[in-house]
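*Asks:* Quick note: the sequence shown uses the working numbering, first residue 95, plus one each step. One structure is given below, represented as structure tokens, and several questions about it will come after.
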Amino acid sequence: MRFAIFLTFLSVVSLFGQLETFGPNINTPYDELAPVISPDGLTLYFVRQNHPENKLEGKRTLAIWMSELDDKGVPKLARRMSEPFNNTVFNSLFSVTPEGSVLILGAYDKGVYQGSGFSIIPRTPEGGWGVPQKIVIQGYDTLEKNRDPNQETSQMQRSAYLANDEKTLFFSASSGSDENDSDIYVTLLSNGVWTKPLNLGTPFNSEGNEITPFLASDGETMYFSSDRKGNHDIYISRRLGSSWTRWSQPVALPAPINSSAWEAYFSIDARGEYAYVVSYQNPANKADIVRVKMREEYRPKPVVLKKKKEEAPPPPPPPPPKVKPAFVFTDELKETFSELMRKARGANTNVSDINKKTEKYKIPSGIDKEFPEKK
Numbered sequence: 095m096r097f098a099i100f101l102t103f104l105s106v107v108s109l110f111g112q113l114e115t116f117g118p119n120i121n122t123p124y125d126e127l128a129p130v131i132s133p134d135g136l137t138l139y140f141v142r143q144n145h146p147e148n149k150l151e152g153k154r155t156l157a158i159w160m161s162e163l164d165d166k167g168v169p170k171l172a173r174r175m176s177e178p179f180n181n182t183v184f185n186s187l188f189s190v191t192p193e194g195s196v197l198i199l200g201a202y203d204k205g206v207y208q209g210s211g212f213s214i215i216p217r218t219p220e221g222g223w224g225v226p227q228k229i230v231i232q233g234y235d236t237l238e239k240n241r242d243p244n245q246e247t248s249q250m251q252r253s254a255y256l257a258n259d260e261k262t263l264f265f266s267a268s269s270g271s272d273e274n275d276s277d278i279y280v281t282l283l284s285n286g287v288w289t290k291p292l293n294l295g296t297p298f299n300s301e302g303n304e305i306t307p308f309l310a311s312d313g314e315t316m317y318f319s320s321d322r323k324g325n326h327d328i329y330i331s332r333r334l335g336s337s338w339t340r341w342s343q344p345v346a347l348p349a350p351i352n353s354s355a356w357e358a359y360f361s362i363d364a365r366g367e368y369a370y371v372v373s374y375q376n377p378a379n380k381a382d383i384v385r386v387k388m389r390e391e392y393r394p395k396p397v398v399l400k401k402k403k404e405e406a407p408p409p410p411p412p413p414p415p416k417v418k419p420a421f422v423f424t425d426e427l428k429e430t431f432s433e434l435m436r437k438a439r440g441a442n443t444n445v446s447d448i449n450k451k452t453e454k455y456k457i458p459s460g461i462d463k464e465f466p467e468k469k
């Protein structure tokens with residue numbers, strides 16, 4: 095056991111808050127990677143590498159796990175996600191929207207894995223998961239032509255992010271001959287079609303490698319990983335105006351988020367107070383998930399999430415219609431009785447139908463207007 099105290103603090107002096115570890119409910123002797131916190135801050139998704147419970151065939155496996163957090167950020171014991179997740183050797187969850195839809199690695203058609211790409215898994219009204227459905231992006235295959243879908247490194251380098259509006263998708267891809275030279279692109283959902291990707295341009299992208307985009311809930315603040323200065327570090331850039339190709343000069347976040355190790359993956363909830371990142375600072379040099387309190391100047395604008403509209407309860411069923419009794423009883427017997435029988439739509443009733451106890455005649459209720467019931 096690497097952590098004797100649950101939710102203890104690593105002794106890291108920094109311009110930010112200290113790194114807060116999550117203890118054995120999240121971190122294990124195996125690598126924990128790619129944290130994604132839900133916008134409400136109550137669910138943490140991540141990838142666990144080579145864990146025996148991944149139950150995947152392969153020397154190196156990645157499976158999606160999740161943990162629920164209380165309002166103080168204390169997690170429950172993480173559990174491996176079941177169907178429709180974790181159907182291949184390399185699985186990854188990139189983002190989750192306020193409505194609960196998640197973006198995963200791999201193109202699925204009606205739930206069947208088809209190859210490289212991305213798919214959306216929606217939440218069902220009952221709170222379960224729908225069937226993964228691939229995102230078809232115009233021109234995506236051209237950008238991915240240099241990546242081998244069966245090659246481990248290529249799979250590991252794929253990253254994407256679906257914005258909260260579920261209509262804006264960012265992903266890393268290489269348009270050149272070097273698959274390690276990735277830029278970040280954006281595609282928009284328009285009239286049911288994902289548009290041809292736009293390169294975010296300079297200064298956002300560089301001659302280096304940009305991966306793992308994360309757009310904060312404010313729709314303006316982007317965090318991503320870049321090796322423009324050598325090693326991969328986490329950077330922040332803010333959108334300028336309404337264009338997706340105009341961004342502020344990216345700035346590397348200070349320690350302890352960035353260190354001498356390889357940094358990628360960054361997630362922050364809608365309040366913008368705590369960031370969830372991967373740390374390699376434990377003695378075994380294994381990847382752990384930690385969180386850190388952000389300084390004000392590096393935070394996105396806080397966003398108050400709209401509560402999901404609760405469906406109005408169905409109206410109560412209408413009262414059952416008042417059904418007249420098939421027959422009524424009367425102690426009157428008029429000369430027109432045979433005519434009334436014919437008006438009662440051929441009812442098979444005659445003067446012999448009499449209640450011997452009350453001495454009342456039984457006649458069809460359909461003629462009660464002309465032959466009223468007497469009590």
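A virtual CB, placed ideally from N, CA and C, is assigned to each residue, including glycine. Note that the coordinates shown come from a computational prediction; the quantities given were computed from them, not determined experimentally.
Relative to the C-alpha of F360, which candidate in P123, A128, V287 and E114 has its C-alpha closest?
*Replies:* A128
*Asks:* Count the other CB atoms, across all protein chains shown, that sit within 10 Å of the CB of L171; report buried if there are 16 or more and exposed otherwise.
*Replies:* exposed
*Asks:* For the candidate residues Q232, R389 and R332, whose alpha-carbon lies nearest to that of A349?
*Replies:* R389
*Asks:* Can you name the start and end residues of the alpha helix (DSSP H) that Y234 belongs to?
*Replies:* Y234 to L237
*Asks:* When the distance is taken between beta carbons, is G366 closer than 7 Å to R333?
*Replies:* no
*Asks:* Would you grab the beta carbon distance between G135 and L163 for me? Rounded to a whole angstrom, and I think it's under 8 Å.
*Replies:* 7 Å
*Asks:* Measuring alpha carbon to alpha carbon, tell me which residue in P178, V190 and T218 is nearest K204.
*Replies:* P178
*Asks:* Going by the CB atoms, is the gap between F308 and S331 shorter than 7 Å?
*Replies:* no
*Asks:* What are the boundary residues of the beta strand (DSSP E) that R333 is part of?
*Replies:* Here R333 belongs to no beta strand (DSSP E), and DSSP marks it neither H nor E.
*Asks:* Classify K463: buried if its beta carbon has 16 or more other beta carbons within 10 angstroms, exposed otherwise.
*Replies:* Below a pLDDT of 50, predicted positions are generally treated as unreliable, and K463, at 42, falls in that range; the measurement from the model is reported next regardless. Burial check for K463: the Cβ neighbour count within 10 Å stays below 16, so the residue is exposed.
*Asks:* Does the segment 281 to 301 come close enough to the segment 208 to 227 that 3 or more CB-CB pairs lie under 8 Å?
*Replies:* Output reads no: the segment 281 to 301 does not touch the segment 208 to 227.
*Asks:* Going by DSSP, what residue range makes up the beta strand (DSSP E) through E193?
*Replies:* For E193, there is no enclosing beta strand (DSSP E), as DSSP marks it with neither H nor E.
*Asks:* Could you check if G324 is buried or exposed, using at least 16 other CB atoms within 10 Å of its CB as the buried criterion?
*Replies:* exposed
*Asks:* Looking at the structure shown, is Y392 part of a helix, part of a strand, or coil, going by DSSP?
*Replies:* It is helical.
*Asks:* Rounded to the nearest angstrom, what separates N258 and T137 at their Cα positions?
*Replies:* Rounded to the nearest angstrom, the gap between the Cα atoms of N258 and T137 is 16 Å.
*Asks:* Taking 7 Å as the cut-off, decide whether the C-beta atoms of L399 and A369 are in contact.
*Replies:* no
*Asks:* Among residues of its own chain, excluding the 5 on either side of T289, which ones have a beta-carbon nearer than 7 Å to its beta-carbon?
*Replies:* Residues Q232, T281 and L282 of the same chain have their beta carbon placed closer than 7 Å to that of T289, with the five preceding and five following residues left out of the count.
*Asks:* Is V141 near S195, with beta carbons less than 7 Å apart?
*Replies:* no
*Asks:* Tell me the rounded alpha-carbon separation between Q112 and I328.
*Replies:* 17 Å
*Asks:* Go ahead and label P409 buried or exposed: buried means 16 or more other beta carbons lie within 10 angstroms of its beta carbon, across all protein chains shown.
*Replies:* Exposed: under 16 other Cβ atoms inside 10 Å.
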